[in-house]
Each structure stands twice: as structure tokens, then as C-alpha cells.
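Report on the structure given below.
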Amino acid sequence: MSAASRRIAVFGAGYVGLVTGACFAELGHDVVVRDIDETRIEELRAGRVPIHEPGLDALLERNAERLRFTVDVAEAVAEADFVYVAVGTPPTYSGDADLSAVWTVVDELPDVGRRVVVVMKSTVPVGTGEKVRHRLAARGLEGVGYVSNPEFTAEGTAVRDFMHPDRVVVGAFDEEDGDAVAGLHAGIDAPVVRCDVASAEMIKLAANAALMTRISFINEIANVCEATGADVVRVAEGVGLDRRIGSSFLRAGIGYGGSCFPKDSLALKQLAANSGYHFQLLAAVIEVNELQKRRVLAKLERHLGSVRGKTIALLGLAFKPNTDDMREAPSLVLAGRLLSEGATVRAWDPVARPSDLRGVLQVGSVEEALADADAAVLVTEWPELAELDWTTLAGTMRTPVLVDGRNMLDPGAMRRQGWAYEGIGRAADDGVV
Ligand SMILES: NC(=O)c1ccc[n+]([C@@H]2O[C@H](COP(=O)([O-])OP(=O)(O)OC[C@H]3O[C@@H](n4cnc5c(N)ncnc54)[C@H](O)[C@@H]3O)[C@@H](O)[C@H]2O)c1
1035 MSAASRRIAV FGAGYVGLVT GACFAELGHD VVVRDIDETR IEELRAGRVP
1085 IHEPGLDALL ERNAERLRFT VDVAEAVAEA DFVYVAVGTP PTYSGDADLS
1135 AVWTVVDELP DVGRRVVVVM KSTVPVGTGE KVRHRLAARG LEGVGYVSNP
1185 EFTAEGTAVR DFMHPDRVVV GAFDEEDGDA VAGLHAGIDA PVVRCDVASA
1235 EMIKLAANAA LMTRISFINE IANVCEATGA DVVRVAEGVG LDRRIGSSFL
1285 RAGIGYGGSC FPKDSLALKQ LAANSGYHFQ LLAAVIEVNE LQKRRVLAKL
1335 ERHLGSVRGK TIALLGLAFK PNTDDMREAP SLVLAGRLLS EGATVRAWDP
1385 VARPSDLRGV LQVGSVEEAL ADADAAVLVT EWPELAELDW TTLAGTMRTP
1435 VLVDGRNMLD PGAMRRQGWA YEGIGRAADD GVV
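Note that this note's numbering gives residue 1302 to position 268 of the sequence shown, counting from 1, and the numbers run on in steps of one.
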């Protein structure tokens, strides 16, 4: 079944807005993407994609005739049946979500004199839909509908995730608006969860919290494995094969980062606190993740003594592979800790080029990063790292020490290739150099 073509305005040309716009165009809809960033819109008009997201370039190119880009609100909304909101909702100082960009969209929405449905894709606290509805009513826009249609895509696989989701969640005040938004997804083969707006908002926050809980859980198991001689990779395999548990998000490492998990966990924790509830489990999940990023230093010190005056190479900077997104990347904490301990930090990443990583020398190849370094940390599991000639690379290091923060490489093979290798939650290398 293919979708009846509808007209959609998407506010926000970021990771979510661009993927949403491109995928809806692929499904046959006419899409106008609006952003306040003129440079970004100019680039998109010129056919350049401002973010790294696999498959997005091809999708934008293939659907160019159904996609327009603008900075103008009136132009975006002029013919739209749906106004998707995909603006950022970063954390405020208090940890609550900053909804200022959302309110700007709501307040700037012109009265087009016909039924338009505002659809919330941005991740927002439970209760936001109700507040938006009141704000629209206060502006005399009772005719504007509101639907929550949260986004579950992951950066790096966002296009695939959008076109082949596990589910589509549609929370509506008005049944017909919900039907219309569900209808936009015709052509996508996935269950549609229909519910009220507050529940849709909570589904997004709860899903993220569940994933983060699994990560912090396996990281704590990893830390106990380290103390007791078990291997967390085998443990996760054995645990994950239990159908009641499943294997996803059971990879131990140096913690989660990114633009969603850290801010959404904090926002849910504060949402609970603001409602008078202390969300103990989530508080622990956040703390475990924070500590996990810092454990790398102790591993390096086991091999090097103090890292003062030593050169440490970071392999990977982005918060995960296949994205250039640096928001809340564990590499930021790691680099900060190493610099504060007096180390020299060199870093390589195939796509992320952060301009604000002060004190870190960014180099263009793994070889450059490792040359004469005292130790390396595998921070992001970029696939190309598995293909390297690690024997030759060991010879270029001052001391061939590798902390594999993602358990990406085979410990035995690395040791045979001359490395003092340490993963996360696996027996440490006793051959301290
Ligand atoms: N990044 C993800 O993988 C992901 C996944 C699921 C949900 N989300 C949620 O989706 C939302 C967007 O995230 P993102 O990563 O795409 O953010 P982003 O920062 O990449 O993009 C947001 C864009 O909105 C633009 N913007 C700000 N105010 C605007 C306005 N008034 N009108 C039009 N555009 C405006 C910004 O200029 C920016 O380009 C957030 O709430 C986030 O939590 C993100």
C-alpha cells in the first residue's frame, strides 16, 4: 500500500527533521523543511547535506522534486496539512528539557484558516501536548490539531529505522487527527500504537530509559567481571540468549553518550522529581554511566603509571560509529580527564571534526595518532578499526598499550600481535609493559 500524497512542513533540518522530511518524501508526500539556520538551508538547496547520516544523501537526491527548503515560516506552512516539529530540546541548567524552540514554532504558526495538525517529533516532557493545545487555543487557533508522534530512530541507521521501524507511535487528542498521522505512514510495515498524547510522550522517554538501564546494567556486570575474573562478552552472550531478556543493548563499554540518552534520562528524572517522585533506578543508571567513562584512566595508569607527560591516542571521537555527532560523546569526558592529568592527547575520527575540542590534536589517520604514542584508547567502534594491521601499528608505538573501550577487538589476537590489551569487563592483560 502506498500513501496518499499529503503536504507536510517539517520544522527543524537537524538529524531528525532531515530524515523525517526525506523519508516522508520517499513515501510520496510533498515536504517543505524549514530551519532558522540560513546557511544550513542554503547548503540543502545547493544539494549538500550538512550532517553525516548513511543513506540520507541518496534519499534527498532521489526525492528532490518533492522536497523544498526554506527559512520562511509562511512559505513552509502555506499549503501544509501537517506541521511536524523536529527542533532541538536540549537540557537546561536544571536538567529539564529546554522547550524554547518548540514554543517558538507554536507561537509563530500562522492562522491559515483551515485544519492543520501540529505533530510533535521532538522529544518532550509528558504534559507538553496539553500545554501546546492550551497555547494554541489562547491564540484563537482551536482549529489546529495536535498529535504526538515520537521518534525512535538511532543516528547512523536513522533512514533504515524510519522506513522499517519496530512500531509507529501516534498519540492524539482527536481520533481523526490520529488517523491522518497514522495514514502518513502507509507504505511502512510496522504496528501502529494508538494512544493518548501523554502516553505517547511517556513511551518515548520510557523506551530510552529502558535502553540506558540495560547499558548501565551490563556495564556494572562488566565491572564485577573485572573484579572476579569473568568475561563480560561471554556473560552477555549467555544472558542475552535467554528469550526473556534478549541480546540487544547488552554490550559493555565506556558508557553511552549522544544527543538523546543523556538529556532524555535527565529530563525524565527531573520530570519525575517535579511531579514529586524520586526515580531512584534512573538516577543510578545515570551515575553508573558517568563513572564508566572515567574508569579508562585507571586502566591506562595500570600500564603507564601516571599519564602525566604521556601521549595518549584516542581512536574515534563521535559518540558512536556512522555519525559525526559529538553531543555528550564519552570522548569529551575522556579527553578532559586525560588533559587534566597532564597527558598529551591526539585523536583520530573518520568523520567527526569537533571545533571546540581544546587541547586535543586532531589528526587525519590512525597511523598519525599512534606514532610514538604511549597508549591508545579505542573510543568509537568504527568498522575500519577492525581491518587495521595491528602488528605493524604496535611497532610504531612507544609502548603498545590499547584500552578497547568497546570490546571491539579480539584480546588473544591483539596480544599475539604485540599489544598489551585491555577491554571492558574482561580479564586484564598481566603483561604490563
Ligand atoms: N538525534 C536523534 O537521533 C534523535 C532521535 C530521536 C529523537 N530526537 C529528538 O528530536 C529532536 C531534534 O533532535 P535533532 O538531533 O534533530 O536536533 P538538531 O539539533 O540536529 O536539529 C534541530 C534543528 O532545529 C532547528 N531549529 C531551531 N529552532 C527552529 C525553529 N523555530 N524553526 C525551525 N527550525 C528550528 C535548528 O536550527 C536545528 O537545525 C530533539 O527533541 C531530540 O531529542 C533525536
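Here a beta-carbon is modelled for each residue, glycine too, at the ideal position from N, C-alpha and C.
### 3 or more residues per run - each beta strand (DSSP E) lying fully within the region 1085-1165
1101-1104, 1116-1119 and 1151-1154
### Query
By the 10 Å Cβ neighbour count, where 16 or more other Cβ atoms means buried, how is Tyr1473 classified, buried or exposed?
This structure cannot speak to residue 1473, because the chain is shown only from 1035 to 1467.
### Message
Just verifying my parser: in three-state terms, what is the DSSP assignment at Gly1457?
### Response
As a position in the sequence shown, residue 1457 is number 423, starting the count at 1. If DSSP states are grouped into helix, strand and coil, Gly1457 belongs with coil.
### Query
If you count every other CB in all the chains shown that lies within 10 Å of the CB of Thr1162, and 16 or more means buried, which is it?
Position 128 of the sequence shown, counted from the first residue, corresponds to residue 1162. So Thr1162 ends up on the buried side.
### Same chain only: Cβ atoms within 6 Å of Glu1113, ignoring 5 sequence neighbours per side
Start at 1 with the first residue of the sequence shown, and residue 1113 comes out as number 79. The answer, listed in chain order, is Arg1041.
#### Entry: Where Ala1462 sits in the DSSP three-state scheme
Position 428 of the sequence shown, counted from the start, is the residue given in the question as residue 1462. Of the three classes helix, strand and coil, the one that applies to Ala1462 here is coil, per DSSP.
### Query
When the Cα atoms are used, what is the spatial distance from Phe1196 to His1337?
Taking the first residue of the sequence shown as position 1, residue 1196 is located at position 162. Taking the first residue of the sequence shown as position 1, residue 1337 is located at position 303. Going by the C-alpha atoms only, they are around 44 Å apart.
### Query
Do you know offhand how far Asp1265's Cα is from Leu1412's?
Position 231 of the sequence shown holds residue 1265. Position 378 of the sequence shown holds residue 1412. For Asp1265 and Leu1412, the distance between alpha carbons rounds to 18 Å.
### Query
Would the beta-carbon of Val1160 be found less than 7 Å away from any heavy atom of ligand 1?
Within the sequence shown, residue 1160 is the residue found at index 126, counting from 1. Val1160: no, Cβ never under 7 Å from ligand 1.
### Beta carbon of Ser1182 nearer than 8 Å to that of Glu1109
Counted from its first residue, the sequence shown places residue 1182 at position 148. Counted from its first residue, the sequence shown places residue 1109 at position 75. No. Outside cutoff.
### Query
Going straight from the alpha carbon of Arg1228 to that of Ala1206, what length do you get?
In the sequence shown, the residue the question calls residue 1228 occupies position 194. In the sequence shown, the residue the question calls residue 1206 occupies position 172. Rounded to whole angstroms, Arg1228 to Ala1206 spans 8 Å at the Cα level.
### Query
Alpha carbon to alpha carbon, how far is Ile1237 from Ala1243?
Looking up residue 1237 in the sequence shown gives position 203. Looking up residue 1243 in the sequence shown gives position 209. For Ile1237 and Ala1243, the distance between alpha carbons rounds to 10 Å.
### Query
For Ile1075, does the three-state DSSP call read helix, strand or coil?
Numbered from its first residue, the sequence shown carries residue 1075 at position 41. Note: Ile1075 maps to helix in three-state DSSP.
### Residue of Asp1211, Val1066 and Gly1190 minimising C-alpha distance to Leu1090
Stepping through the sequence shown from its first residue, residue 1090 is reached at position 56. It is Gly1190 whose Cα lies nearest to the Cα of Leu1090.
### Query
For the putative contact between Ala1462 and Glu1260, defined by C-beta atoms under 8 Å, what is the C-beta separation to the nearest angstrom?
Stepping through the sequence shown from its first residue, residue 1462 is reached at position 428. Stepping through the sequence shown from its first residue, residue 1260 is reached at position 226. Right, their Cβ atoms sit about 7 Å apart.
### Task
Assign His1063 to one of two classes, buried (16 or more other C-beta atoms within 10 Å of its C-beta) or exposed (fewer than that).
Residue numbering aside, residue 1063 sits at position 29 when the sequence shown is read from its first letter. The residue in question, His1063, is buried, as its Cβ has 16 or more Cβ neighbours within 10 Å.
### Task
Please report how far the alpha carbon of Asp1069 lies from the alpha carbon of Arg1450, in whole angstroms.
Your numbering for residue 1069 matches position 35 in the sequence shown. Your numbering for residue 1450 matches position 416 in the sequence shown. In a straight line, the C-alpha of Asp1069 is about 52 Å away from that of Arg1450.
### Task
Look at the alpha carbon of Met1035 and the alpha carbon of Phe1186, and state the distance between them as a whole number of angstroms.
Residue 1035 sits at position 1 when you count from the first residue of the sequence shown. Residue 1186 sits at position 152 when you count from the first residue of the sequence shown. Interpretation of Met1035 is limited by its pLDDT of 38, a score under 50 that renders its predicted location unreliable; the figure taken from the coordinates is listed afterwards. Taking the straight line joining both Cα atoms gives about 23 Å.
### Message
Our contact map puts Leu1302 next to Ala1347 with C-beta atoms below 8 Å; I'd like the distance itself, whole angstroms only.
### Response
Here residue 1302 refers to the residue found at position 268 when the sequence shown is read from its first residue. Here residue 1347 refers to the residue found at position 313 when the sequence shown is read from its first residue. Going by Cβ atoms, the distance from Leu1302 to Ala1347 rounds to 36 Å, so no, they are not a contact pair.
### Task
Note the first and the last residue of the continuous beta strand (DSSP E) segment covering Leu1368.
The residue given as residue 1368 occupies position 334 in the sequence shown. Careful: Leu1368 lies outside any beta strand (DSSP E), inside the alpha helix (DSSP H) at Pro1364 to Ser1374.
### Query
When the Cα of Val1400 is compared with those of Ala1409, Ser1134 and Leu1170, which residue comes out closest?
Here the question's residue 1400 lines up with position 366 in the sequence shown. Checking every option, the nearest Cα to that of Val1400 belongs to Ala1409.
#### Entry: Beta-carbon spacing of Trp1424, Trp1453 below 8 Å
Looking up residue 1424 in the sequence shown gives position 390. Looking up residue 1453 in the sequence shown gives position 419. Yes, these two residues count as a Cβ contact at 8 Å.
### Message
Quick check on the DSSP output: the beta strand (DSSP E) that includes Gly1205 runs from which residue to which?
### Response
Looking up residue 1205 in the sequence shown gives position 171. Gly1205 -> beta strand (DSSP E) spans Val1202 to Ala1206.
### Task
Please look up how many angstroms separate the CB atoms of Pro1159 and Ala1131, rounded, as I've assumed it's under 8 Å.
Within the sequence shown, residue 1159 is the residue found at index 125, counting from 1. Within the sequence shown, residue 1131 is the residue found at index 97, counting from 1. Confirmed, about 6 Å.
### Task
Figure out for me which residue from Gly1343, Ala1386 and Pro1124 has the closest Cα to the Cα of Asn1356.
Stepping through the sequence shown from its first residue, residue 1356 is reached at position 322. That would be Ala1386, whose Cα lies nearest to the Cα of Asn1356.
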